[in-house]
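Residue numbers (this note's numbering), protein chains in the order written: chain A, 1319 to 1545; chain B, 92 to 931.
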C-alpha cells in the first residue's frame, strides 16, 4: 500500500545566472512498511529530497503526497501538524534541544500536540533505545551514540507513519552505526512504519528493502534499485 | 514536563546570567514607571491639598449674594457642601498705641463650615472665634500687637451703609495665611452669627457633587439663581476641569512624554536582549519547527518567556519605585510640602501594566521572527553568518587610526548591517537622551531665574516709599549692629530710575532685541539715551567691601566716594517674543566716563521724562569714572532690567537729594536666628517706618525648589543612563560572544594575545565612537530645533552647555570599552580547538 508519492519534484536554488537545480523532475512512490535507502555523491540532492519529503522545505514545482494528502497544498499550520503527527526526523547532527533532558527531548512532539503521553510506550522506547538510566541527562552529558538514540526516540515518540533519517550514523563509529540502524529497522518493523534513510555507507544501504540512487538531482540510471 | 511551554522556564534557568540581566532591565523600567506615576499622583494630591489649604476647599464661589440667595444656594441639589462668608468691613484701628501708623484690619466673617470644612484657617495662637465679637488676626499683626500692648481688645472705625461706626473686638487667636498684605491692612476673621440681611455682601463657596463638567454646572447654577461666580481655578486645573483646555492637559502631556522616553529606552534594551537570545537559538526553534511546532507555538514560547520575566520584575520594580522615592524624599527635606506620598492603586496599576506592556511590545518582533525561522535552515545547520549578506567595506580610516586590527574590527562591526544599526541606534538613543535632558535641565534652571538664590543679605528692611524722602537713619543701623543674632549689616540705597548712556556706548544689537515696552523706556535724546529702567545703588562701606571682595575689584571705598563708580552691565530683560534675554546694554569699559543726571524733585513727583531732558539741556548731571564692572548686584543677587551703577551713599544723596538709607540688609549669625528674630525685626521695622523681608525664607524656599527639581531630573537621567548601560554592555557582549569561532580562527592563524585584545576591544569601542558621532549630531539638532524654540530664555546671551556632549561621548566610549572588556576574558581563555568546533 502506497504511503508516499512524489510527482515531478523539482527544487531550484538561486536566481538567473546563479540558479542551481538541486532536484530535477523526480517522481517515486514508497509503500507502507518499506525501508528505502537514498544514496548518492555529495551535492547530488539527497538531503533536498528528504527535506521535501518531510515538508520542511518547499519545492519549486511538483507534488508530495503522504497518505494521499498533498503536503504542499496545506496551509502552514496544517503542514506543521502533519509533520508533527506523520513524520519523524532523525538528523546527522542529532539536533537536540540542549536545555531539555533526554526524555523531555523525546516527548517534545507529543507535548507540542498537547497530547497525553503514552507512558508505557515511552518506557518501552527508552528501554529499546537503552536510555533508561540516561533519561534525565542533558544532551551535553550524553555520548554521540546516545544523543542519536534520543533523536530516534523523538522521531518515534508520536508514532509517525514515516521516519526520515538524514545520515543518522554520519557522526558515529561503526559499532554505534550498526546498533542505530538495527534499532531503526527493529522499531519500524515493530510499529509498522516506513523508513527512508540517506546514507553513504553501502553496508547500511544493503540492509534496506530498496536503494534509491540520486545523481545530479535525478534518480540515477539504475533508478530505484531493488536489492 | 507537562507542557511544551515548560521549555521556557528551563531555558530561563539554564541561562541564568542572561535572564537576570534582562530582568534587571525590566526592573529598572518598572521602577521608573512606578516612580514617575508616584511623582505624578503625589504632586497632584500634594498640590490639591496645598491649594485647599491656601485658597480653600471649594471649586466655585458665588459672590455678591443677598442673604436669601445664600440660603437658597445652601439647598441647591448640585452642591455637595459649602460655606457662607461675609466680607464684613475694613476696620481702621483707633487704639492710641497702635495708631502710630495707618493700620487697619480687613475683617471677614465665616460660618461654621468655613472654619471647619472649607477655609480651615491655620491657628497658631489662641482659639477660633465663637461669636461676632471675637476675632482671629493674621500672625504678623499679632506680633505687632504683642510688641505694644497686653490688651486683647481692639477698637476701630468701620463704615456701614455710608455711616462710620465704632466697633470693639476681642482678639482670641492668630492664624497664618499666604494672603498678600496691601499696605498696612492685615486680614482678620470673625464668626458669622449675626446672619442678617446686609445687602449683597455674602459669598457662598461650594464644592459640586458632579465630578465632571464642573464649570458648566456651576455656570448653570449661577444662571438659575441669578448670581455671579468665581472659580477656584488652580483646584479645577488639578481636576483637569479648568477653563483652559491646554493647561488641563499640561501635566499629563509632560508625564506622557517622560513615560514615552522610558518606554523607548526600555524597548530597545529588551528588544536587544530577546533578539540576541533568539539569534542564538535559531537552531533550536528550527528543530522545534521541524518536529512539528507551529508558528504560533514558537511565538508563544518567546512571549511566555517575556511574560515570566515581567512577572518576576513587576513586584520588584513596583516596590523599588516606592522605596526609591521614599528614600529620596527622606534624604532631601522640603519635598513633603509638595508631594503627598502614599500607596496609590493607580500607581501600582500603571507600573505593572506599562512594564508588562512595554516588554510584550519589545518582544513582539523577536517573537515573530523566531516563529518565521524555517526548519530547513536549522536542519541544514546554516549559520547566521552564512546567511548574512556581507558588504565589502574598506575601513581605511580605521586602519590608519588603529592599524590592521582596527580595520578588521571595523569590518566585523559593519558586517551585519541590521545588527550594526540596531546596536548603534540603541547607543545613540542613550546618548541623545543624556545630552538632551541635561540641556533641558540647564534651560529650566536658567529660566526659573531664581531670585535671591545666592543673595548675601538674609533679611532686609525697606523704608516705606523707597528712595524718595523716608529713609532709615544711622541710629537704626547702629541698633541693628548690636542686636544679638545679627552678624553683618549692610546699608544701601536702591533706586530704579533714569540713567544716561552716551549714544556711542549703547549696545544696539541687544537694545534692538528689547521688548517694545522696555524700548520705550530707553529713548534717545540729543547725544544720549535716557534709560528709565536704570538701577542706581548707593552703598555704605560694608556693602561696597562685600561687592569688592566678591568681584576682586581693585578699588577702595574712598575711590567710590571720589567720583568713581561700579557699572552693573549684565541685564536680564525680555525680548519682543516675551523671552528672557541676558546681555550688556552698554559698551562702557573700565576708565570710561559716565554721566548720571540729577534727579529733580519734579521728576520724583511726576515721573515725567521731560524733567530729565531739562537736566540734560542744563548739563545738570554729574560725571563719574567707571572703576569696576560687575555682572549683577550681589547683595540681593539681582540683575538689573537694563543696567546699573553703584555709587557711594554720599554721591547717591547728591543725585537724589536725600540723606540716609532706604534699605538696610542683614545677615544672621545662624539659621535659627531667622526664626527667633523675625518677630523682633518686624516690630523694629514697623517702629521705624520700614517693612521687614525675611529673604532667608525665600532663599531657602528657592534653593529647596531647585534642589528638588535637580534631584528629580538627575534621578531620571541616572536611571535612563543605567538602562542604557545595561543595554550597551549586553549588546556588545553578545555581539562579540557570537563570533567565538571566528576569534578562534584568528588565534589559530597566529594572532598574538595583544593583537587579539586590541581587536576585541576595538570592536566594542568603535561602536561607541560611531554612536557618539551620530548621537552628538542628532542631539545638537534636537537641542537647537526643539529646546531653543520652547526655551523661555531667548538664544541671545544664553550659552548652551557643552559638557553634556563631552561627558556623554566619553561616557559612551568608556562604557563600550568596558562592555568589550567583559567578554574579552572569556575569549582570551578560550581553547582554540574548542572555539573552532563551535557550531555557528
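Glycine included, each C-beta is placed from N, C-alpha and C at the ideal position.
Residue i classed as buried or exposed, judged by whether at least 16 other C-beta atoms fall within 10 angstroms
| i | result |
| --- | --- |
| residue 1442/A | exposed |
| residue 1525/A | buried |
| residue 863/B | buried |
| residue 876/B | exposed |
| residue 1504/A | exposed |
| residue 123/B | buried |
| residue 194/B | buried |
| residue 568/B | buried |
| residue 437/B | exposed |
| residue 603/B | exposed |
| residue 335/B | exposed |
| residue 920/B | exposed |
| residue 1319/A | exposed |
| residue 463/B | exposed |
| residue 495/B | exposed |
Interface flag, residue i vs chain A, CB-CB below 8 Å
| i | result |
| --- | --- |
| residue 474/B | Note on residue 474/B: pLDDT 40, under 50, position unreliable in the model; no value is reported. |
| residue 457/B | no |
| residue 921/B | no |
| residue 435/B | no |
| residue 400/B | no |
| residue 467/B | yes |
| residue 932/B | Not covered by the structure: residue 932/B. The range shown for chain B is 92 to 931. |
| residue 970/B | This structure cannot settle anything about residue 970/B, because the visible part of chain B is limited to 92 through 931. |
Anticipated Cβ contact below 8 Å, residue i with residue j, distance rounded
| i | j | result |
| --- | --- | --- |
| residue 552/B | residue 718/B | 29 Å between Cβ atoms; not a contact. |
| residue 177/B | residue 200/B | 4 Å |
| residue 594/B | residue 619/B | 6 Å |
Per-residue contacts from residue i into chain A (C-beta, under 7 Å)
| i | result |
| --- | --- |
| residue 105/B | 1417 |
| residue 896/B | Residues of chain A passing the Cβ test: none, with the nearest at roughly 45 Å. |
| residue 378/B | 1413 and 1415 |
| residue 101/B | 1417 and 1418 |
| residue 375/B | 1415 |
Beta-carbon proximity check, residue i vs residue j, cutoff 8 Å
| i | j | result |
| --- | --- | --- |
| residue 1472/A | residue 1416/A | no |
| residue 1368/A | residue 1520/A | no |
| residue 151/B | residue 174/B | no |
| residue 527/B | residue 870/B | yes |
| residue 1299/A | residue 1321/A | In the structure as shown, chain A begins at 1319 and stops at 1545. Residue 1299/A is therefore absent and cannot be evaluated. |
| residue 412/B | residue 442/B | yes |
| residue 1462/A | residue 1407/A | no |
| residue 361/B | residue 113/B | yes |
| residue 1329/A | residue 1337/A | no |
| residue 627/B | residue 520/B | no |
| residue 1485/A | residue 1517/A | yes |
| residue 504/B | residue 450/B | no |
| residue 550/B | residue 772/B | yes |
| residue 466/B | residue 1374/A | yes |
Chain-ordered chain A contacts of residue i [CB-CB under 8 Å]
| i | result |
| --- | --- |
| residue 386/B | 1394, 1395 and 1398 |
Chain-ordered neighbours of residue i on chain B, where CB pairs are closer than 8 Å
| i | result |
| --- | --- |
| residue 1449/A | Going along chain B, no residue has its Cβ under 8 Å from residue 1449/A, so there is no contact; the nearest lies around 16 Å. |
CB contact check: residue i to chain B, cutoff 8 Å
| i | result |
| --- | --- |
| residue 1413/A | yes |
| residue 1518/A | no |
| residue 1529/A | no |
| residue 1455/A | no |
| residue 1485/A | no |
| residue 1472/A | yes |
| residue 1377/A | no |
| residue 1427/A | yes |
| residue 1460/A | no |
| residue 1430/A | yes |
| residue 1374/A | yes |
| residue 1352/A | no |
| residue 1341/A | no |
Any non-hydrogen atom of the ligand ZN within 7 Å of residue i CB
| i | result |
| --- | --- |
| residue 854/B | This structure simply doesn't include the ligand ZN, nor any ligand for that matter. |
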